[in-house]
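Going line by line, the protein sequences match chains X and C.
When the letters of the first sequence are read in order and numbered with my numbering, they come out as residues 764 to 1318.
When the letters of the second sequence are read in order and numbered with my numbering, they come out as residues 2 to 339.
Every residue gets a Cβ at the ideal spot worked out from N, C-alpha and C, and that includes glycine.
To start, the structure itself, in C-alpha cells.
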Amino acid sequence: MSATPAQSTLSAKPTLPAISPVMPEHHYLNNGYGLKSWLLTRDHKRIAILYLLSVSFFFLLGGLFAVVVRLELATPAGDLLTSDNYNKSFTMHGVLMVFFFLIPAIPATLGNFLIPLMVGAKDLAFPKINLLSWYIYMLGASFGSWAILTGGLDTGWTFYTPFSTVASTSAVVPAALGVFISGFSSILTGLNFIVTIHRMRAPGLTWFRLPLFVWAHYATSLIMILGTPVIAITIVLVAAERVFSFGIFDPKRGGDPVLFQHLFWFYSHPAVYIMVLPAMGVISELVAGSCRKSVFGYHFVAFSSLAIAIIGFFVWGHHMFVAGQSVYAALIFSILSFLVAIPSAVKVFNWTATMYKGSVTHATPMWYAMGFIGLFTIGGLTGLFLAAVGLDIHVTDTYFIVAHFHYVMVGGTIMGYLGGLHYWWPKMTGKLYNENAAKVAAALIFFGFNLTFFPQFVLGYLGMPRRYHAYPPEFQMLNVLSSAGASILAVGYIFPIIYLLYSLKNGRIAGANPWGAVGLEWRTSSPPPTFNFEKTPSVTWEAYEYPEGVESHVA
Amino acid sequence: MWTSPLFPEAASTIAPRVDAFYFFLVSLTAFMSILIAVAFFYFFVKYRRRSPDEVGVHIEGGMALEIAWSVIPLIIVMVIFGWSTSLFLTYTRPPAETLNIYVVGKQWMWKFQHLNGHREINELHVPVGRAVKLIMTSEDVIHDVFVPAFRVKADVLPGRYTQLWFNATKAGRYHLFCAEYCGTKHSGMIGEVIVQEPAEFEAWLLTGRAEGSLASAGGKLFQDLACHTCHRPDQTGRGPVLPGLFGRTITLQNGARQVVDEAYLRESILRPAEKVTQGFQPVMPAYQGLITEEGVLQLIEYVKSLGTEPQTQPVRPASGGPAPGETPPLPPKSEVNR
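Here you go:
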C-alpha cells in the first residue's frame, strides 16, 4: 500500500471508535427542512431518499396485490374474487413490481445515493436531470395509479397482443402510458450514471479502482439507455393499435402478434438485468465489506457485469420457444441463453472465494449477501431448465416460470435491495438499527421466501399453468404451502419498516465508518454533507485495499 | 390418474425422455447449490471475525481458478444444450404418418375436429399408440394447448397454424390447459384429453357423426361459396386447378417458390392477393371475415382430399390406416420437415 488512507482525517483502518461518535453538525438531511427543500432539491442524496420513499410505497402496493393473489389461490375454486378482479390483481402486482419497483429500486435509490460518493464527486453530472427523472417517474407512476383507480388492467404485465389491443376492456392505455413515461426516468438515470462515471471520478480513481457496485451500475446504465427506447416504441404501438385501430399486431388487420413479443422481450429480457445487475453490485460491496477483503477476481467480476449486459441483449427469443418461432431461431436463442449463465456463475464463485481467509462479520448485511447468493444460485440454475428448449416446452407458462423469476427478482433484486439498505442505512441516516431485529427479519424473509416459491417449482412441473384464477384440486396442497409462505414473507417485509423508522429517532449514532470498511463513501461523515466531501479526495489505493499489518486469524 | 401429488403422470412417448432430462438438471442444481452452500457456510464459520479490527488476507484472485470455473460450467451447459436439442428436434419432427386433428381456440373454449367430421368441445379423444398431430389456430387472441401428462405445449395463434404432436402411451383422462393468458376465463379454458385403446377409439369416432367428414363439409362449403366457378377441375377456370395441388411447390407471380401447405392455403383463401400463382390474375375476392376458422380448415381438408402431388405420395402402411368412414384416405404428410 503506497499511501495509507490514514493521511485523511478519517482513518480507513478499521477500528471500533473509542468514544461514541457524534452526528456531524451539517449534513444533507439538516440542510433545510421545508417541503421545497426536498421537492426542488438537486442533491443526489435527497433525490435518492425521494426515490426510496416512492419505490418502497409501490413495493408495498404491489405486495398488497400479491397478498390478494395468494389468498385467492389458497383454495382451488375461484371463490374470493371474480375472475376479472383476480386477473387485474396479478397484472397490477406485476406492473407495479416490475416497472415501478424492481427497475428503479436499486439504481435510483442506492445508485443515486452512492455513485457520486463512491467516485468522490460532489453530485451526479446532471443534478437537475436527476430531479427531473424522479418527477417523470412520479408522473408515470400516477398514470399507473390512474389505471388502477379507473378499473385496473387485466393484460398481465406483459401486455401480450392481440389481447391487449383488441380484446381487453380494461385500462390498457393509462397503464401503457405509465410504463412509457416511467421509461424516460430510467433513461435519464442511466445517462446520468454513465456521464458521472466517465467524467467525475476523483483524481487517481482509475476504472479498475472503482468499486464493483459502480461497474455494475455502469453495465445497468448501458441497458437502460439502449433497451428502454424499444419498450417505449412498443408501448406506443400498442396504444396506437388500441386507439386508432392500426393493424400492427392484430392479424385480422394484417398485423403480427408475435412481432409484439419480439419487441417486448427485446427490452424486457435485458430489463431483468437492469433489475439484477445492481443487486450483484450491492452483493460485491457487501461481501467485500463484510469480509474486509478485496473481491476475489475483481476484473472478472467487473467484466462479467458488462458481459451479462451485452449477451443479455441477444437472448430475448427464449421467452418465445412455444410461440411458433422457427426451429433455428429457437436453437440460437437457446445456446445464447446458456452463454449468459457463465458470467453469472463466475460472480457467484468469486463472491464465495472472497470469503476465503477473510475476516467475516456476521452482521446483517452479510446475512443478506448469503441469502442473495443462495437464492440467486437456485434462480440461476433453474434458468438452465428454461434455456433448454427441450425442457422449456413443458415448464414454460407454468408455475415453474413464476418460481424461477421470483427466485431471481425477489431472491436476487430484493435481497440485494434490502441488504444494501441495511449496509448503507448508517451512511444514509447516520443511525444504527437494531441488529437483532434486522436478523430476525432477514431470517423471516429467507424462510418465507423459500416456503412461498419452492413449492411453485414442483407445482409447475406438475403442470399448473400460471395466471389461473381457479385450478384443479390436486394442486391445492402446494398452493397452500405457497400461500402460507407468503404470509411469513409479508411479515418479514413489514418488520424492517418498523425498526428502520424506529432507528431514525432512537438508533445509536453510527459515525462515519461503522463497518470499518474501505471505499470513499465511508470517508465522509454519516450522513454526508450536501456536497459529500470536505475536499475532493485523491485516490492512491486500489479498490477494497484493506490496510495490512493486522494478521488474519488463520495465519 | 394422478398417482403422485408431486409429479405428473407420464403418458406419452416423449414424457419419460423429458423427465430423465429434468432429473438430470434437478440433480445438477442440487449438487451446485449444495456445493456453494457448503463452501459458503464453511468460510462463514471458519473465517469469522474474531477481533473487531481484524482484516482479511489480501488475495487478488487466481487466473487458474477463474478459467476453471468459467470453462467447466461452459462445458456443462453445452452438454445440456446438446441433450436439450435432441429432445427439441423430436418435438419439432412428427413422424411421417400422423393422425391429424384440427384445433380452434377461442375465448374460452377448445374446438376439435376429427377428419371424419366428428367434432368435440373441450374434450379430445385420441387413440393409444398412434402419433397424433394437432394443427391449431385461434379465432381471437393467443391461446396455448398444454397437456402436462404428455409434456407438450404450443401456442395457438390467430392468423397462423401451429402444430404439436404426441404419441399417447396410456389410456386415461388427462388435463388439457390453456397456458397462454387469454382474458377473463383463462383458467376455465380447460379440457380433457381422453386416451382410448385403438378399437375403442375407432368405435367412438363412428358415433355422433351426422355432418359427414371434414372434407365433405369443405366440399359443400366450396359449392356454397361458388368457389367451383373459378377453380374448375380442368384448366378452363380463372383460378388454379386444385386437384393434386396440395404438397406441390408452385411458382408465384414474383417468381418466388412456395410450398402449398395448410398455411398457404389458408392465406390464399383469406387474403388471396398476397401470393398469387404465376400465370393467374389477382381476381379472387378476399374471404377474410367471411369464413370461420373451422370453415377454412374444412376447405383445406377438401383441397387435400382432391389428391396431392403424386411424388410425395408414400405407401400407406396397413396398420396406420386412415380414420374409418367415408373420409378419403388421409393425405400424406409432406411437412415432415415443417
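Taking 8 Å as the threshold (beta carbon to beta carbon), is residue i in contact with chain X?
| i | result |
| --- | --- |
| Met33 (chain C) | yes |
| Gly160 (chain C) | yes |
| Gly130 (chain C) | no |
| Leu26 (chain C) | yes |
| Glu268 (chain C) | no |
| Arg152 (chain C) | yes |
| Asp262 (chain C) | no |
| Trp358 (chain C) | The requested residue 358 (chain C) does not occur in the structure, where chain C is confined to residues 2 to 339. |
| Val80 (chain C) | no |
| Ser13 (chain C) | no |
| Lys186 (chain C) | yes |
| Val316 (chain C) | With a pLDDT of 40 at Val316 (chain C), under the threshold of 50, the predicted position of this residue should be treated as unreliable, though the coordinate-derived value follows. Output row for Val316 (chain C): interface = no. |
| Pro273 (chain C) | no |
| Trp205 (chain C) | no |
| Ile37 (chain C) | yes |
Just checking: is the beta-carbon of residue i within a distance shorter than 8 Å of some beta-carbon in chain C?
| i | result |
| --- | --- |
| Glu1297 (chain X) | no |
| Ser1047 (chain X) | no |
| Thr1303 (chain X) | no |
| Ser1246 (chain X) | no |
| Ala997 (chain X) | Note on residue identity: the sequence assigns Thr, not Ala, to residue 997 (chain X). It does not: the Cβ of Thr997 (chain X) has no partner Cβ on chain C nearer than 8 Å. |
| Phe862 (chain X) | no |
| Leu1322 (chain X) | Shown here, chain X extends from 764 to 1318; a query on residue 1322 (chain X) therefore has no answer. |
| Ile1071 (chain X) | no |
| Ile1098 (chain X) | yes |
| Lys1056 (chain X) | yes |
| Glu1004 (chain X) | no |
| Tyr1061 (chain X) | yes |
| Leu1094 (chain X) | yes |
| His1157 (chain X) | yes |
| Ser783 (chain X) | no |
| Asn1012 (chain X) | The question names Asn, but residue 1012 (chain X) in the sequence shown is Phe. No, Phe1012 (chain X) lies away from the interface with chain C (no Cβ there is under 8 Å from its Cβ). |
| Met1043 (chain X) | no |
What residues are listed by DSSP as bridge partners for residue i?
| i | result |
| --- | --- |
| Asn101 (chain C) | C:Lys134 |
| Trp111 (chain C) | C:Gly106 |
| Gln197 (chain C) | C:Pro128 |
| Pro1014 (chain X) | Beta-bridge pairing links Pro1014 (chain X) to no other residue. |
| Phe889 (chain X) | None, per the DSSP bridge assignment. |
| Ala904 (chain X) | Ala904 (chain X) is not bridged to any residue. |
| Ala1228 (chain X) | Residue identity check: residue 1228 (chain X) is Pro in the sequence provided, not Ala. Answer is X:Thr1161. |
| Ile1037 (chain X) | According to DSSP, which records beta bridges pairwise, Ile1037 (chain X) is partnered with nothing at all. |
| Asn1276 (chain X) | Paired residues: none, contrary to the question. |
| Pro159 (chain C) | C:Ser139 |
| His176 (chain C) | C:Glu193 |
| Asp145 (chain C) | C:Asp156 |
| Leu916 (chain X) | According to DSSP, which records beta bridges pairwise, Leu916 (chain X) is partnered with nothing at all. |
If I'm right that residue i touches residue j with Cβ under 8 Å, what's the distance once you round it to whole angstroms?
| i | j | result |
| --- | --- | --- |
| Thr1124 (chain X) | Ser1067 (chain X) | Not confirmed; about 25 Å, so no contact. |
| His807 (chain X) | Asn850 (chain X) | Not confirmed; about 39 Å, so no contact. |
| Phe1296 (chain X) | Gly883 (chain X) | 7 Å |
| Thr928 (chain X) | Arg1005 (chain X) | 5 Å |
| His711 (chain X) | Pro1290 (chain X) | No answer is possible for residue 711 (chain X): the residues shown for chain X start at 764 and end at 1318. |
| His176 (chain C) | Ile191 (chain C) | 7 Å |
| Thr959 (chain X) | Leu887 (chain X) | 5 Å |
| Val942 (chain X) | Leu916 (chain X) | Not confirmed; about 10 Å, so no contact. |
| Glu302 (chain C) | Gly219 (chain C) | 5 Å |
| Thr854 (chain X) | Thr918 (chain X) | 6 Å |
| Asn744 (chain X) | Asn893 (chain X) | No statement about residue 744 (chain X) is possible, as the shown extent of chain X runs from 764 to 1318 and does not include it. |
Problem set entry | Chain-ordered residues of the region 48-61 of chain C with a beta carbon less than 7 Å from chain X | Across the region 48-61 of chain C, CB contacts with chain X closer than 7 Å involve Tyr48, Arg49, Arg50, Arg51, Pro53, Asp54, Glu55, Val56, Gly57, Val58, His59, Ile60 and Glu61, in sequence order along the chain.
For this session: Check whether the region 1223-1240 of chain X touches the region 178-191 of chain C, counting contact only when three or more Cβ pairs, one atom from each stretch, lie closer than 8 Å.
Result: The region 1223-1240 of chain X is in contact with the region 178-191 of chain C.
Exercise. Touch check for the region 1090-1099 of chain X and the region 1115-1134 of chain X: three-plus C-beta pairs under 8 Å?
Worked result: Touching, no.
For this session: Return the residues of the region 289-302 of chain C that lie within a Cβ-Cβ distance of less than 9 Å from chain X, sorted by chain order.
Result: Hits within the stretch, in order: Gln289 and Gly290.
Problem set entry | At least 3 beta-carbon pairs within less than 8 Å: the region 189-201 of chain C vs the region 119-136 of chain C | With a cut-off of 8 Å, the region 119-136 of chain C and the region 189-201 of chain C count as touching, because enough Cβ pairs lie within range.
Problem set entry | Interface positions of the region 133-147 of chain C facing chain X (Cβ-Cβ less than 8 Å), listed along the chain | The region 133-147 of chain C vs chain X, Cβ under 8 Å: Asp141, Val142, Ile143, Asp145 and Phe147.
For this session: Residues of the region 1102-1125 of chain X with a CB closer than 9 Å to any CB of chain C: list them in chain order, please.
Result: For the region 1102-1125 of chain X, the set of residues with a beta-carbon nearer than 9 Å to any beta-carbon of chain C comprises Leu1102, Ala1104, Ile1105, Pro1106, Ala1108, Val1109, Val1111, Phe1112, Asn1113, Trp1114, Thr1115, Ala1116, Thr1117, Met1118, Tyr1119, Lys1120, Gly1121, Ser1122, Val1123, Thr1124 and His1125, in chain order.
For this session: Anything in the region 96-128 of chain C with a Cβ closer than 9 Å to a Cβ of chain X? List those residues in chain order, please.
Result: When C-beta distances to chain X are compared with 9 Å, the residues of the region 96-128 of chain C below that value are Gln108, in chain order.
Problem set entry | Residues of the region 246-260 of chain C whose Cβ lies closer than 8 Å to any Cβ of chain X, in chain order | The residues in question: there are none.
Exercise. Is the number of C-beta pairs between the region 1181-1196 of chain X and the region 1040-1060 of chain X that are closer than 8 Å three or more?
Worked result: Counting Cβ pairs under 8 Å, three or more are found: they touch.
For this session: Taking only beta carbons into account, state which residues of the region 926-951 of chain X come closer than 8 Å to chain C, listed in chain order.
Result: Answer in chain order: Phe926, Val929, Ala930 and Ser931.
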